[in-house]
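**Q** Got a structure here, written out as structure tokens. Questions coming.
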Amino acid sequence: MRNILLFIFLSTFFSCQNDQTARQLLDQAELFIETQADSTRMLLDSIQTPDNLNDKLFARWCMLQGKTADKLHEDMPYVEQLTRALQWYTKHGTAEQQAWIGLYLGRSYAEDKLFVPATNAYSDALKTALDGHIYNVAGYICSYMGDLYTYMGQRTEKRRKTEEAAGYFKKAGNMRSYAFALRDIAKTYYMESSDSIALNYVLKADSIISKIGNITEINEITNNLGIIYEALGERDKAMQCYLKSIDTTDNAPNYLALSSLYYNNDMLDSARYYLRKAN
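Numbered by the working numbering, the letters in the sequence shown go through residues 747 to 1025 in order.
Shown next, in the form of structure tokens:
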């Protein structure tokens, strides 16, 4: 009997010690999440057995994992992990936390190509966000639902969800995401060869991002504008956009676009020149 009690005591003691260490690491990770996501990743990875944490700490670990993966363009935590986290946040978390973790769960399902469960997870998260008037999260959920419909080949639904995302971003005052949602709406029209409609959306996105975006974001929209101008046969405007976009670390797409533009207009020397620069 004494040995059993000693075993229980030691197990509880070491569990508390592990939880305390994990709590300190999570506190530090949270400090870096917005500015140094790489540091957050290192801190989270140093927790070697997160599944053994108590439910509260594990849910927090999952949330930080999702945020970090989002910033570093990595895969989401496993479905089983996020399901456990969602169960805890549903009982103890805020509506915003529930919406975010539901979004991450939907993305994890989507990464596994489980589109029906992903749609259900997104729908539940969206309802939570809208019930709580958390429009910024609702915008992101609709954006990822739109991506899901793209994979499923449902273009009409893709546009509808992207338009909803744009509306929610605007309502939340997130003008950067609003601009990129407009750009994504334009892409749906471009894919249907409705280039004039696409141009109106990209011009609006460009007018917004040029005021609030960084150089990379501005050039990304400008590049999209060049693509639409080229589709409309406005070669000079397209060329100006592509040239203006050449100011980022990844210039290859702009050089390739210029090479293609010159090639299609029988300007072979210029086409070869920009193709070499792309290479």
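Just so you know, even glycine gets a beta-carbon here, dropped at the ideal spot from N, CA and C.
Going by Cα to Cα distance, which pick from 801, 843, 795, 937 is closest to residue 812?
**A** What you label residue 812 is simply residue 66 of the sequence shown in a count that begins at 1. Minimum Cα distance to residue 812 is reached at 843.
**Q** Which of the three DSSP states, helix, strand or coil, is assigned to residue 779?
**A** For the purposes of this step, residue 779 is identified with residue 33 of the sequence shown, where counting begins at 1. Looking at residue 779 - three-state DSSP - the assignment turns out to be coil, as it is neither helix nor strand.
**Q** Do you know how far the Cα of residue 797 is from the Cα of residue 805?
**A** Locating residue 805 in the sequence shown gives position 59, where the first residue counts as 1. Locating residue 797 in the sequence shown gives position 51, where the first residue counts as 1. Roughly 10 Å separates the two Cα atoms.
**Q** Quick check: what's the CA-CA separation for residue 760 versus residue 859?
**A** Locating residue 760 in the sequence shown gives position 14, where the first residue counts as 1. Locating residue 859 in the sequence shown gives position 113, where the first residue counts as 1. In this prediction, residue 760 scores a pLDDT of 38, lower than 50, which makes its location untrustworthy; the coordinate-derived value is nonetheless stated afterwards. In a straight line, the C-alpha of residue 760 is about 39 Å away from that of residue 859.
**Q** So, at 7 Å on beta carbons, what are the nonlocal neighbours of residue 884 in its own chain, with the 5 sequence-adjacent residues on each side left out?
**A** One-based indexing of the sequence shown puts residue 884 at position 138. Closer than 7 Å at Cβ, skipping near neighbours: 872, 875, 876, 914.
**Q** For a test of the three-state rule: what should DSSP assign to residue 759, helix, strand or coil?
**A** What you label residue 759 is simply residue 13 of the sequence shown in a count that begins at 1. Annotation note: pLDDT 35 at residue 759 (below 50); position unreliable, no value reported.
**Q** Hey, residue 934 and residue 907 are a contact pair by Cβ (cut 8 Å); roughly how many whole angstroms apart?
**A** For the purposes of this step, residue 934 is identified with residue 188 of the sequence shown, where counting begins at 1. For the purposes of this step, residue 907 is identified with residue 161 of the sequence shown, where counting begins at 1. Actually they are not in contact, since the Cβ atoms of residue 934 and residue 907 sit about 10 Å apart, beyond 8 Å.
**Q** Quick check on the DSSP output: what are the complete alpha helix (DSSP H) runs of length 4 or more inside the region 958 to 997, in order along the chain?
**A** Those alpha helix (DSSP H) runs which fall completely within the region 958 to 997 and span 4+ residues are 961 to 977, 981 to 991.
**Q** Taking the C-alpha atoms as reference points, what is the distance between residue 810 and residue 917?
**A** The residue given as residue 810 occupies position 64 in the sequence shown. The residue given as residue 917 occupies position 171 in the sequence shown. One C-alpha to the other measures close to 26 Å.
**Q** Look at the alpha carbon of residue 960 and the alpha carbon of residue 967, and state the distance between them as a whole number of angstroms.
**A** On the sequence shown, position 214 is the one that residue 960 refers to. On the sequence shown, position 221 is the one that residue 967 refers to. Using only the alpha carbons, I get a separation of about 11 Å.
**Q** Cβ atoms of residue 988 and residue 970: under 8 Å apart, would you say?
**A** Position 224 of the sequence shown, counted from the start, is the residue given in the question as residue 970. Position 242 of the sequence shown, counted from the start, is the residue given in the question as residue 988. No; because the gap between Cβ atoms is not below 8 Å, this pair is not in contact.
**Q** Enumerated in chain order, which unbroken segments of the alpha helix (DSSP H) with a length of 4 residues or greater are wholly contained in the region 798 to 846?
**A** The qualifying runs are 801 to 818, 825 to 838.
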